[in-house]
Amino acid sequence: MYDNKLRIAIQKSGRLSKDSRRLLYNCGIKINFQKNKLISFSENMPIDVMCVRDDDIPGLVIDGIVDLGIVGRNVLEEEVLKRKFKSEKISFKILKHLDFGICRLSIGIPAEKKYHDINCLNGLRIATSYPYILKKYFNNKNVSFKICKLNGSVEVAIRAGLADAIFDLVSTGEALVSNGLKEVKVIHNSSACIIHNKNNFSDFKKNIIETFISRINGTIKARESKYIMLHISSNKVDNVVKLFIDSEKPTISKLLGRKNMVVMHIVSRESIFWETMEKLKNLGARSILVLPIEKMLE
Ligand code: PRT
Ligand code: ZN
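Numbering of the sequence shown is given in the working numbering, commencing with residue 78 and proceeding in unit increments.
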């Protein structure tokens, strides 16, 4: 592998591709993505991006073909269990859990069927694209089942007479309902994550990875944080501070021409809800501004 460039694998097209590209963009990594090109190059950093099917990403990282990968934990876990089953060597580490691609792997059965616990599924045929995760769970519970491995259209497997139950990804649950199914057991929670191979990286690559992760942390923190400005009577400053216990100490300055009034600048670590705004107003705060923060580096 090249030592003078970091190679990152992301999903080519699908549910994670837009967010993965946005993440790179927000971290200041400019990529000139070319349609149908396997590898795209960064214009401003020594980084190449490989656009592939999500299922290939864990393997590319574990085999050391790319340095980093952005993939769902569901796909990662399935690949890891598959390799463990084959007694293959696995070397990777989750560098960062991300806040997109949030979903769960659940068991679905026909809506009219009764369900008490997992034993109700004993001996049934279950359709899934995730046989290893399913097998691990059922083996731990000592429940037997038959597998119907499908790479897509899992939710129609029961109606097509291929299976009695399904084990599939669920986000809103709409797909289950529209296929006459109900979710009876969540087995695995998932979201996207960044993984890397545990191989020793050169100092050069280590530096780029550190910068990348620190920028991701900065963008995530910035997204959750808000910048607040308000005018308040100086004897109410302590009451305002108490409303933002997790925030750093505010900056306070004089308000020109208004004795006993000050301007407070606060960086809040969390979203500001209407309730907090109303509490501020009740304390006598005026000209309350809540602004989004674009980037934050600490
Ligand atoms: O072509 P490639 O192999 O790269 O893509 P893919 O078709 O295998 O995957 P893709 O793009 O569908 O999903 C990529 C990843 O997104 C998954 O591995 C998960 O980590 C994550 N993700 C998040 C989801 C969902 N949410 C999701 N809802 N993946 C799939 N779904 C499916 C779900 O199974 C259902 O069929 O979307 C449908 C609608 O879901 P509901 O519950 O919102 O109705
Ligand atoms: Zn896939």
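Virtual Cβ for every residue (Gly too), placed ideally from N, Cα, C.
Cutoff 6 Å; reference residue i; Cβ partners in own chain excluding five residues on either side
i	result
residue 134	86, 146 and 148
residue 284	none
residue 363	308
residue 248	180
residue 295	372, 373 and 374
residue 306	342 and 366
Sheet register partners of residue i (DSSP bridge)
i	result
residue 293	Paired residue(s): none; residue 293 is not in a bridge.
residue 119	108
residue 270	148 and 174
residue 330	340
residue 184	244 and 262
residue 138	DSSP, once it has assigned bridges, lists no residue as partnering residue 138.
residue 128	87
residue 223	202
residue 303	345 and 369
residue 309	339
residue 363	308
Neighbourhood of residue i by C-beta, 8 Å cutoff - its chain only, sequence neighbours within 5 removed
i	result
residue 234	204, 225, 227, 240 and 243
residue 152	131, 132, 134 and 135
residue 94	87, 88 and 128
residue 137	86, 127, 129, 143 and 146
residue 172	145, 270, 271, 272, 273, 286 and 290
residue 111	117
residue 315	none
residue 229	206
residue 202	222, 223, 224, 225, 239, 240, 241 and 242
residue 191	197
residue 250	260
residue 200	221, 222 and 223
residue 337	310, 311 and 312
Candidates the options, of which the one nearest residue i by Cα
i	options	result
residue 104	308, 288, 332 and 351	288
residue 196	222, 212 and 180	222
residue 22	268, 321 and 281	As displayed, the chain neither begins before 78 nor continues past 375, which places residue 22 out of reach and without an answer.
residue 354	337, 311 and 304	304
residue 394	326, 250 and 101	Nothing can be reported for residue 394: it is not among the residues displayed for the chain, which extend from 78 to 375.
residue 367	114, 356 and 344	344
residue 36	310, 351 and 245	Because the chain in this structure spans residues 78 to 375, residue 36 falls outside the shown range and cannot be described.
residue 189	157, 261, 293 and 167	261
residue 293	166, 177, 90 and 158	177
residue 80	351, 91 and 278	278
residue 90	113, 280 and 109	113
residue 198	182, 276, 220 and 245	220
Contacts around residue i, its chain only, beta-carbon distance under 7 Å, and the 5 residues preceding and following it disregarded
i	result
residue 299	370, 371, 372 and 373
residue 155	207, 209 and 210
residue 331	339
residue 187	235, 257 and 258
residue 107	119, 120 and 121
residue 356	320
residue 159	209
residue 82	123, 124 and 125
residue 275	168, 169 and 170
Buried or exposed (CB count within 10 angstroms, at least 16 for buried), residue i
i	result
residue 273	buried
residue 237	exposed
residue 162	exposed
residue 214	buried
residue 342	exposed
residue 321	buried
residue 265	buried
residue 99	exposed
residue 184	buried
residue 150	buried
residue 115	exposed
residue 141	exposed
residue 232	buried
residue 253	buried
residue 263	exposed
residue 97	buried
residue 328	exposed
residue 194	exposed
residue 280	exposed
residue 323	exposed
residue 282	buried
8 Å Cβ cutoff, residue i in contact with chain B
i	result
residue 119	Included in the structure is just one protein chain, with no chain B present.
Cβ distance (whole Å) where residue i is taken to contact residue j below 8 Å
i	j	result
residue 139	residue 169	5 Å
residue 360	residue 326	Contact doesn't hold; Cβ gap of about 18 Å is too wide.
residue 302	residue 335	About 28 Å; that fails the 8 Å criterion.
residue 349	residue 358	Not confirmed; about 12 Å, so no contact.
Listed in chain order, which residues are found with a beta carbon closer than 6 Å to a heavy atom of the ligand COA?
You won't find the ligand COA in this model; what it holds is the ligand PRT and the ligand ZN.
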